[in-house]
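Residue numbers (this note's numbering): 4 to 138. In what follows, a structure is listed as structure tokens, so that the remarks can point back to it.
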Amino acid sequence: MNYEEMLKKGKEKLPDVSSQTERFNIPKARGHIEGNKTVVSNFGEIAKTLQRKPEHILKFILKELASPGDMRKESVIFGTKLSASKINEKIAQYAEIFIICKECGKPDSKLTKEGNIYYLKCQACGAKHSFYSKI
Numbered sequence: 004m005n006y007e008e009m010l011k012k013g014k015e016k017l018p019d020v021s022s023q024t025e026r027f028n029i030p031k032a033r034g035h036i037e038g039n040k041t042v043v044s045n046f047g048e049i050a051k052t053l054q055r056k057p058e059h060i061l062k063f064i065l066k067e068l069a070s071p072g073d074m075r076k077e078s079v080i081f082g083t084k085l086s087a088s089k090i091n092e093k094i095a096q097y098a099e100i101f102i103i104c105k106e107c108g109k110p111d112s113k114l115t116k117e118g119n120i121y122y123l124k125c126q127a128c129g130a131k132h133s134f135y136s137k138i
């Protein structure tokens, strides 16, 4: 049996590829408007999924949205009326900057900070990136 025949036989024994799902799914912000404040009730769950400190994520979002805000247990209260889509957009932007590896695109990273320089070290491919941030 030659190589081509063995390869064909091996491919026939492989299972069919099922639909591939993304293993890194950020939960959508859930909340409500209370007067002229916006309450996001699942912020703790979002931070846990992102594997980052909620305070760091909140600081980024508040700066990006130019809005005051405060953490209360697992919730965040923004000082202005904000749409869920705007909040989700900023959370996705945070993930792109502070979580996703620039080399392999995987979310398996650790974040460290020295001064104003952040280092993103990928646990999957070993790449290390630095970037400047004032948050």
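Each residue gets a CB set at the ideal place from its N, CA and C atoms; glycine is no exception.
C-beta contact flag for residue i and residue j at 8 Å
i           : j           : result
residue 68  : residue 53  : no
residue 72  : residue 63  : no
residue 60  : residue 32  : no
residue 114 : residue 55  : yes
residue 45  : residue 57  : no
residue 87  : residue 107 : no
Continuous beta strand (DSSP E) stretch holding residue i: start and end
i           : result
residue 115 : 112–117
residue 78  : 78–81
residue 74  : 72–75
Limits of the unbroken alpha helix (DSSP H) element including residue i
i          : result
residue 88 : 87–101
residue 27 : From DSSP, residue 27 is part of no alpha helix (DSSP H); its letter is neither H nor E.
residue 49 : 46–53
residue 57 : 57–68
Closest Cα partner of residue i within the set the options
i           : options            : result
residue 41  : 10, 78, 7, 134     : 78
residue 121 : 129, 110, 109, 138 : 138
residue 51  : 130, 27, 70, 34    : 27
residue 39  : 75, 70, 119        : 70
residue 36  : 105, 98, 90        : 90
For residue i, the residue or residues it bridges with in DSSP
i           : result
residue 37  : 40
residue 123 : 114, 132
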